[in-house]
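Visitor: Here you go, one structure.
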Amino acid sequence: MIFDVNTAVGVWPFRNLRFAGNPKALYDHLAKRGITGGVTRHYGAPFCHDLDFINAELAKAVIPGFIPAFAVRPDYKQWKTIQAKAVALYPSFHNYKLTDPETLEMAKDLASRNIVLHIIMREEDERSHHLRAMVPSVPAADVEAFADALPEAKIVLLNCMGGELSITCRHKNVYGEMASFEPFDVKEALANLPGDQLLFGSHTPLYYTTAALWKLERAELDADLLAKIHSGNAAKLYC
Amino acid sequence: MIIDIHTHNFERQGTAPIVEGAKRNGIDRIVLLGDVLRHGYYPTPEQIVKINDDTIADVEKYDGFCLGFCHLNPSHTGEFQVQEMRRVLSKKNFCGVKLECSWNCRKPEMDPIMEELEKQDRILLHHCWYKTTGKCDEESDPSDIAYLARRWPNVTIVMAHLIGCGIRGVEMIADCPNVLVDTSGGQPEAGFLEYAIRRIGAERIVYGSDAPCRDYAPQLAKLEEAEISDADRELILWKNTERILKI
Chain U
1 MIFDVNTAVG VWPFRNLRFA GNPKALYDHL AKRGITGGVT RHYGAPFCHD LDFINAELAK
61 AVIPGFIPAF AVRPDYKQWK TIQAKAVALY PSFHNYKLTD PETLEMAKDL ASRNIVLHII
121 MREEDERSHH LRAMVPSVPA ADVEAFADAL PEAKIVLLNC MGGELSITCR HKNVYGEMAS
181 FEPFDVKEAL ANLPGDQLLF GSHTPLYYTT AALWKLERAE LDADLLAKIH SGNAAKLYC
Chain P
240 MIIDIHTHNF ERQGTAPIVE GAKRNGIDRI VLLGDVLRHG YYPTPEQIVK INDDTIADVE
300 KYDGFCLGFC HLNPSHTGEF QVQEMRRVLS KKNFCGVKLE CSWNCRKPEM DPIMEELEKQ
360 DRILLHHCWY KTTGKCDEES DPSDIAYLAR RWPNVTIVMA HLIGCGIRGV EMIADCPNVL
420 VDTSGGQPEA GFLEYAIRRI GAERIVYGSD APCRDYAPQL AKLEEAEISD ADRELILWKN
480 TERILKI
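Residue numbers (my numbering), protein chains in the order written: chain U, 1 to 239; chain P, 240 to 486.
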């Protein structure tokens with residue numbers, strides 16, 4: 001069983017996406033590839049003002065085995081009453097900083113309720129952004145400060161690129177997801193990262209799911225490490 | 240059968256891991272495009288010669304598995320370009336010229352290279368991207384490639400990086416039959432390959448990985464998962480490359 005923490009329903013406005021409006025097709029596609037659990041967010045969350053609507057849509061779409069990561073933002077007070085195992089934070093898209101006092105207040109409250117905080121570092125390669133939607137990635141320094149301020153929180157970084165996964169080395173409460181991480185030598189790249197803090201993610205449907213699967217399967221990783229990344233770490237994190 | 244038309248023999252990594260990684264992923268032949276970033280975007284003539292000498296040595300060492308391309312910086316004199324092309328392309332298993340970001344391909348300094356390619360019936364593989372951020376001064380985008388292709392309709396051009404060029408990039412070169420696009424690089428975003436096949440046909444798409452800037456496995460996975468016919472997959476994975484490289 002593989003647990004994919006980076007899946008989404010809904011429409012990404014810059015792409016003609018597979019499975020748009022058809023979550024059953026998405027989950028069938030994942031299941032065919034051995035992915036029978038995971039976390040799902042809504043691609044509409046970065047751009048829609050009505051997060052209640054987006055979260056309701058997400059709740060309807062998600063199937064058993066998958067956890068909805070409801071979108072929250074510090075200036076929308078629905079976070080105070082939200083019931084969830086995981087939430088999605090979009091600091092760059094929603095135009096706030098992780099280190100703002102309001103953000104920390106929200107995050108502390110959510111963490112105290114054992115809700116896992118997913119930080120969306122980016123949704124796509126910055127070089128290919130729409131000319132009128134150049135949303136920067138979340139600064140790594142902000143993530144470090146956020147993690148320092150919230151040592152009890154469980155924080156998951158989605159769509160890490162380059163050295164961002166190394167944040168996990170300095171913070172035991174930070175987990176890194178790897179759909180956008182593609183070193184030539186995966187085994188070597190992961191050797192210096194904490195294996196207990198790495199999570200499998202595919203960024204389906206925006207990315208081909210098989211890319212994330214083959215990247216790990218063909219890297220000749222130690223079987224224990226592969227099992228941890230595929231599902232073991234997630235099983236502990238979302239329990 | 241799989242032929243990877245876009246790999247690099249970077250000095251700092253060595254060529255052995257590139258070759259071994261390809262074999263481990265079921266790839267039968269790879270094209271070495273040279274250590275094109277070793278000296279930045281503007282290598283001197285001496286640096287160009289050294290880069291090409293290294294590729295020649297690698298192609299000889301891995302005879303039968305590696306093919307080679309000649310790297311150039313088009314800002315150098317036409318005389319040097321032609322001399323270097325003749326020197327490198329006369330070697331066994333060398334197939335064409337690779338250009339990076341030294342000189343925008345609309346500029347007339349491209350002419351001696353294109354003329355020689357036409358004369359020798361070899362191909363050009365050119366870096367290309369539609370970048371919103373981080374664009375280099377001389378970097379070519381698909382509209383530049385289309386401009387070049389129309390000026391030199393008898394030269395086959397491979398426009399690198401389908402994902403980076405995107406839908407708009409495919410549109411730009413759609414009416415340039417001498418332009419193919421390679422699948423190398425970029426995140427493994429779904430849908431671009433299917434779009435390109437619909438728009439320009441599978442005959443104009445070739446598989447490439449951009450290893451070691453990228454990893455073979457996820458780059459091959461794009462071909463595996465894309466909703467395309469087996470016949471189109473074969474064209475992209477090796478038949479088209481075999482055709483245009485005449486191997």
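From the three backbone atoms N, C-alpha and C, an ideal C-beta is built for every residue, glycine too.
Compute the beta-carbon to beta-carbon distance between P297/P and L276/P, rounded to the nearest angstrom, for a pair I have assumed lies under 8 Å.
Guide: Note that residue 297/P corresponds to Asp in the displayed sequence, not to Pro. Rounded, the Cβ-Cβ distance is 16 Å, inconsistent with contact.
Visitor: Below 8 Å between beta carbons is the criterion; list the residues of the region 386-420 of chain P that meet it against any residue of chain U, in chain order.
Guide: Per Cβ criterion, the list reads I402, G403, G405.
Visitor: Could you pull out every residue in the same chain whose Cβ sits closer than 6 Å to the Cβ of A25/U, ignoring the five residues on either side in sequence?
Guide: Contacts found: F19.
Visitor: If we cut at 7 Å on Cβ distances, does E428/P have a partner in chain U?
Guide: Interface residue, yes.
Visitor: Starting from A71/U and walking both ways along the beta strand (DSSP E), at which residues does that stretch end?
Guide: Counting along the chain, the beta strand (DSSP E) containing A71/U begins and ends at 66-72.
Visitor: On the CB-based measure, 16 or more other CB atoms within 10 Å of its CB, does G373/P come out buried or exposed?
Guide: By the 10 Å Cβ count, G373/P comes out exposed.
Visitor: Just how far apart, CA to CA, sit R453/P and K77/U?
Guide: Each residue's alpha carbon lies about 42 Å from the other.
Visitor: Can N22/U be considered in contact with the ligand ZN, in the sense that its beta carbon sits closer than 6 Å to one or more heavy atoms?
Guide: As presented, the structure is devoid of all ligands, the ligand ZN included, so that no description of it is given.
Visitor: Run down chain P in chain order and give the residues with a C-beta less than 9 Å from the C-beta of E123/U.
Guide: Chain P residues near E123/U: none, gap ~10 Å exceeds 9 Å.
Visitor: Could you compute how far the alpha carbon of E466/P sits from the alpha carbon of G201/U?
Guide: If you take the alpha carbons of E466/P and G201/U, they lie about 21 Å apart.
Visitor: Residues of chain U with a CB under 8 Å from the CB of K370/P: which are they?
Guide: Under the 8 Å cutoff, chain U gives R127, S128.
Visitor: Would N6/U and A179/U qualify as a contact pair, given that the criterion is a beta-carbon distance under 7 Å?
Guide: Yes, the pair counts as a contact, with Cβ atoms nearer than the cut-off.
Visitor: Could you work out which residue in Q320/P, E339/P, I242/P, E378/P is closest to G273/P when comparing CA atoms only?
Guide: For G273/P, the nearest C-alpha among the options comes from E339/P.
Visitor: Indicate the three-state DSSP secondary structure (helix, strand or coil) for Y430/P in the structure shown.
Guide: Residue identity differs from the one stated: residue 430/P is Gly in this sequence, not Tyr. Of the three classes helix, strand and coil, the one that applies to G430/P here is coil, per DSSP.
Visitor: List, in order along the chain, the chain U residues whose C-beta lies closer than 9 Å to that of P256/P?
Guide: In chain order: F184, D185.
Visitor: D421/P and I244/P - do their beta-carbons sit closer together than 7 Å?
Guide: Contact: yes.
Visitor: Who are the near neighbours of M1/U in its chain, counting only those whose CB is closer than 6 Å to its CB and skipping five residues on each side?
Guide: Same-chain partners within the cutoff: T36, S231.
Visitor: Residues in the same chain with beta-carbon distance under 7 Å from A153/U, minus the five sequence neighbours each way, listed in chain order, please.
Guide: Excluding sequence neighbours, A153/U sits near A107, A111, L117, N173.
Visitor: Closest to D196/U by CA distance: which of E177/U, E182/U, L213/U, T99/U is it?
Guide: Cα-wise, what sits closest to D196/U is E177/U.
Visitor: With 7 Å as the threshold, decide whether the Cβ of R453/P is near any Cβ in chain U.
Guide: So yes, R453/P belongs to the interface.
Visitor: Go to Y281/P, then tell me how far its alpha helix (DSSP H) extends in each direction, as first and last residue.
Guide: First-last for Y281/P: undefined, no H or E at that position.
Visitor: Would you say P381/P reaches chain U, if we count a Cβ-Cβ gap shorter than 7 Å as a contact?
Guide: No, no contact with chain U.
Visitor: I believe S379/P touches H365/P by the beta-carbon criterion, under 8 Å. Please report the beta-carbon distance rounded to the nearest angstrom.
Guide: 6 Å between Cβ atoms; contact.
Visitor: Determine, using beta carbons only, whether P284/P comes closer than 7 Å to chain U.
Guide: No, its Cβ sits nowhere closer than 7 Å to a Cβ of chain U.
Visitor: Does any residue of chain P bring its CB to less than 7 Å from the CB of L131/U?
Guide: Chain P contact via Cβ: present.
Visitor: Specify the secondary structure class of M398/P as computed by DSSP and reduced to three states.
Guide: Reduced to three states, the DSSP call for M398/P is strand.
Visitor: Could you name the residues of the same chain whose beta carbon sits closer than 6 Å to that of A235/U, not counting the 5 residues immediately before and after it, in chain order?
Guide: Correct list: empty, nothing qualifies.
Visitor: Check the Cβ-Cβ distances between P457/P and every residue of chain U, and say whether any is below 7 Å.
Guide: Chain U contact via Cβ: present.
Visitor: Count the other C-beta atoms from every protein chain shown that fall within 10 angstroms of the C-beta of N114/U, then say buried if there are 16 or more, exposed otherwise.
Guide: It is exposed - the Cβ of N114/U has fewer than 16 other Cβ atoms within 10 Å.
Visitor: Thinking C-alpha only, which one of Y208/U, V156/U, A59/U, A223/U is nearest I119/U?
Guide: Nearest of Y208/U, V156/U, A59/U, A223/U to I119/U, Cα basis: V156/U.
Visitor: Closer than 7 Å by beta-carbon distance: list the chain U residues that pair up with K461/P, in chain order.
Guide: Here the neighbours are Y208, A211.
Visitor: Let's test the definition: count the other Cβ atoms within 10 Å of the Cβ of I486/P and tell me whether it reaches 16, buried, or not, exposed.
Guide: By the neighbour-count rule (16 or more Cβ atoms within 10 Å), I486/P is not buried but exposed.
Visitor: Nearest to D52/U by CA position, among G65/U, T103/U, V72/U, is which residue?
Guide: With distances taken between Cα atoms, D52/U lies closest to V72/U.
Visitor: Given I362/P, which residues of its chain have a CB within under 6 Å of its CB, disregarding the five upstream and five downstream residues?
Guide: The residues are G335, T395, I483.
Visitor: Nearest-angstrom Cα distance between E102/U and L311/P?
Guide: So the two alpha carbons sit approximately 54 Å from each other.
Visitor: Suppose only complete runs of 4+ residues qualify. What are the alpha helix (DSSP H) ranges in the region 17-68 of chain U, listed by chain order?
Guide: Segments of the alpha helix (DSSP H) lying fully in the region 17-68 of chain U: 23-32, 51-61.
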